[in-house]
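S.K.: Attaching a single structure in structure tokens format; questions to follow.
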Ligand code: FAD
Ligand code: NAI
């Protein structure tokens with residue numbers, strides 16, 4: 014393998030591998046370094062893909078148990094085979110990881126397995142799990158080392174009973190009572206998985222709602238849906254201690270009145286956010302440091318203070334999302350190749366893959382209020398959709414926020430079946446700075462869920478929704 018490159022990418026998650034592919038497409042001699050044996054980073058190995066695999070499996074079970082009879086499908090002796098669910102999930106991960114391996118080969122990208130650490134600003138030492146370390150040099154270096162779960166001293170992770178998302182994707186038994194600390198994206202998704210297959214799930218959340226950073230309507234509606242799975246919520250609670258008792262966990266928290274509550278469960282999932290990961294990178298050798306929150310600092314061009322060293326994805330500021338990391342990967346590769354690319358951070362959508370799904374882009378209503386912006390709201394409920402009736406997916410709504418004067422769409426928030434896919438229409442519309450009426454006047458196939466977007470835009474335009 015070569016030792017001198019135009020571009021060296023450290024980390025093979027969605028930021029890193031996409032940066033490598035785009036660099037290679039642009040004719041740059043490219044290497045990627047990954048400390049684990051498999052490529053794909055958090056997203057493919059222990060994040061987006063395996064969690065969606067379990068979400069889909071558990072959703073199938075839930076539907077079989079609760080809605081199939083209504084559809085006229087009778088099943089006897091329905092059971093969850095958790096071992097098989099996890100096995101299928103592993104198969105999905107393996108196939109995806111092999112896909113990345115194939116893409117590296119196809120694009121003639123050298124893959125160096127091992128921990129990458131800076132020797133100086135152009136030289137990286139690669140230390141594999143087994144065998145000799147080597148050094149490679151790059152004209153440009155892209156740091157794409159991602160993130161790890163974060164925790165607090167009051168909730169020490171032991172990976173057995175007090176677990177992170179990584180262990181929650183590999184449990185050997187269905188918890189009887191899963192206590193989830195943090196009702197954000199991971200808590201909502203993985204809490205749903207286990208609630209659907211029979212666990213009692215209790216959410217202990219510092220804020221006053223689920224998914225508190227999204228539009229408040231979304232959190233409220235999601236809570237209603239998740240409550241139907243039999244979950245309990247302890248909002249505005251401050252966790253004071255988490256203890257592994259050997260057979261289970263004891264979680265203590267202070268309620269809003271300052272009184273202590275005690276919850277006993279068999280597992281505790283800590284999902285209180287993730288932290289940027291730079292361990293072992295030896296940033297100092299390249300003249301780099303992290304900010305007080307552990308993030309690699311970058312300018313608007315994603316350059317660190319050493320101009321030929323870039324950083325992307327979860328390890329820098331901004332949303333910790335795979336598609337954000339991918340956009341940044343493309344951005345940096347094109348910048349290195351002398352192009353003038355652009356990332357519209359305002360229009361990076363956020364999706365929660367619960368059922369119903371939640372998807373969002375642009376400003377929330379709370380943000381618009383905070384800005385003192387004059388806006389109008391158009392909402393349309395799923396229960397008024399023929400498509401939703403046919404499938405019995407009646408929970409949900411589309412909420413469109415538009416500028417009161419110009420009618421430009423400022424934010425779209427969807428909770429409901431297939432919201433994750435539907436948000437793309439809103440992103441495109443907003444990229445082209447569409448007005449609510451532009452979307453309202455575009456034909457949407459009938460019967461589809463996307464009609465709810467059209468109807469919400471009609472509602473936002475002049476309260477002209479047809480089916481409400
Ligand atoms: P990562 O994917 O974290 O990859 C970094 C890679 O760098 C890792 O493979 C790591 O081993 C490697 N590395 C680190 N240091 C070194 C080193 N010194 N040398 C060599 N290699 C190194 N996002 C979504 O958009 N949609 C989702 O549905 C979604 N679901 C998620 C579900 C879960 C349970 C979790 C935990 C996360 C989820 N995310 C999701 C977030 C998503 O996984 C991350 O935003 C994304 O993986 C970030 O990509 P990245 O390339 O920055 O880093
Ligand atoms: P998060 O930031 O989404 O949620 C963390 C939650 O924990 C918040 O609601 C917060 O108020 C709460 N919290 C924080 N400290 C607490 C405490 N001491 N006690 C109780 N509650 C506390 O982080 P999460 O869910 O861990 O996910 C990490 C990252 O992974 C997110 O940035 C997310 O973007 C990404 N991710 C994305 C997914 C997707 O796109 N579908 C799926 C899963 C993760």
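Numbering (the numbering used here), first residue to last: 14 to 481. Note that beta-carbon positions come from the ideal geometry of N, C-alpha and C, so glycine has one too. Model, not experiment: these values are computed from the prediction.
(1) Which value, in whole angstroms, describes the spacing of the CA atoms of residue 254 and residue 392?
(2) Using only the heavy atoms of ligand 1, determine whether one of them is closer than 6 Å to the beta carbon of residue 369.
(3) According to DSSP, is residue 63 part of a helix, a strand, or is it coil?
(4) Let me check understanding here. Comparing Cα to Cα, which of 199, 350, 167, 190 lies closest to residue 278?
(5) Taking only runs of the alpha helix (DSSP H) that begin and end inside the stretch 353-414, which ones reach a length of at least 4 residues, in chain order?
(6) Can you tell me whether residue 107 is buried or exposed, with buried defined as 16 or more other CB within 10 angstroms of its CB?
(7) Helix, strand or coil for residue 92, going by three-state DSSP, please let me know.
(8) Please report the residue range of the alpha helix (DSSP H) in which residue 279 lies.
(9) Can you name the start and end residues of the beta strand (DSSP E) that residue 324 belongs to?
(10) Beta carbon of residue 344, beta carbon of residue 160: below 7 Å?
(11) Should the stretch 138-152 be called in touch with the stretch 307-318, which here means at least 3 C-beta pairs below 8 Å?
(12) Just to confirm my understanding: we take residue 323, look at its own chain, exclude 5 residues before and 5 after, and list those with CB closer than 6 Å. What are they?
(13) If you draw a straight line from the alpha carbon of residue 251 to that of residue 458, how long is it in whole angstroms?
(14) Measuring CB to CB, does residue 6 end up less than 7 Å from residue 162?
(15) Any contact between the stretch 78-98 and the stretch 217-234? By contact I mean 3 or more CB pairs, one from each, below 8 Å.
(16) Would the beta-carbon of residue 67 fall within 7 Å of that of residue 192?
(17) Tell me the DSSP secondary structure of residue 115 in three-state form.
(18) Buried or exposed for residue 423, please, with buried defined as at least 16 other CB atoms from any protein chain shown within 10 angstroms of its CB.
(19) Are the beta-carbon atoms of residue 204 and residue 113 separated by less than 7 Å?
(20) Buried or exposed for residue 482, going by 16 or more other Cβ atoms inside 10 Å?
(21) What is the DSSP secondary structure of residue 230, counted as helix, strand or coil?
(22) Any heavy atom of ligand 2 closer than 6 Å to the CB of residue 388?
(23) Please determine whether the Cβ atom of residue 163 lies at a distance below 6 Å from any heavy atom of ligand 1.
(24) Between the stretch 256-263 and the stretch 193-200, are three or more C-beta pairs nearer than 8 Å?
(25) Assuming residue 124 and residue 23 form a contact by the criterion Cβ under 8 Å, report the distance between their Cβ atoms to the nearest whole angstrom.
(26) May I have the straight-line CA-CA distance separating residue 129 from residue 398, to the nearest angstrom?
(27) Who are the near neighbours of residue 387 in its chain, counting only those whose CB is closer than 8 Å to its CB and skipping five residues on each side?
(28) CB residue 16 to CB residue 122, shorter than 7 Å?
(29) Alpha carbon to alpha carbon, how far is residue 120 from residue 293?
(30) With a threshold of 16 other CB atoms inside 10 Å of the CB of residue 96, please say whether the residue is buried or exposed.
(31) Can you grab the Cα-Cα spacing for the pair residue 32 / residue 340, in whole Å?
M.R.: Inspection of the coordinates gives the following:
(1) 42 Å
(2) No, Cβ of residue 369 sits at least 6 Å from all heavy atoms of ligand 1.
(3) helix
(4) 190
(5) 378-384, 399-404
(6) exposed
(7) Annotated three-state conformation of residue 92 is coil, per DSSP.
(8) Segment: none, residue 279 is in no alpha helix (DSSP H) and carries neither H nor E.
(9) Run containing residue 324: 322-324, per the beta strand (DSSP E) assignment.
(10) no
(11) no
(12) 155, 315, 316, 345
(13) One C-alpha to the other measures close to 47 Å.
(14) Residue 6 lies beyond the stretch modelled for the chain, which goes from 14 to 481, so this question has no answer here.
(15) Between the stretch 78-98 and the stretch 217-234, the count of C-beta pairs closer than 8 Å stays below three; the two stretches do not touch.
(16) no
(17) helix
(18) Answer is buried; the Cβ neighbour count reaches 16.
(19) no
(20) A query on residue 482 cannot be resolved here, the shown segment of the chain reaching from 14 to 481 and no further.
(21) helix
(22) no
(23) no
(24) no
(25) With 8 Å as the limit, residue 124 and residue 23 do not qualify as a contact, their Cβ atoms being about 12 Å apart.
(26) 53 Å
(27) 416, 417, 418
(28) no
(29) Take the alpha-carbon of residue 120 and the one of residue 293: they are about 28 Å apart.
(30) exposed
(31) 9 Å
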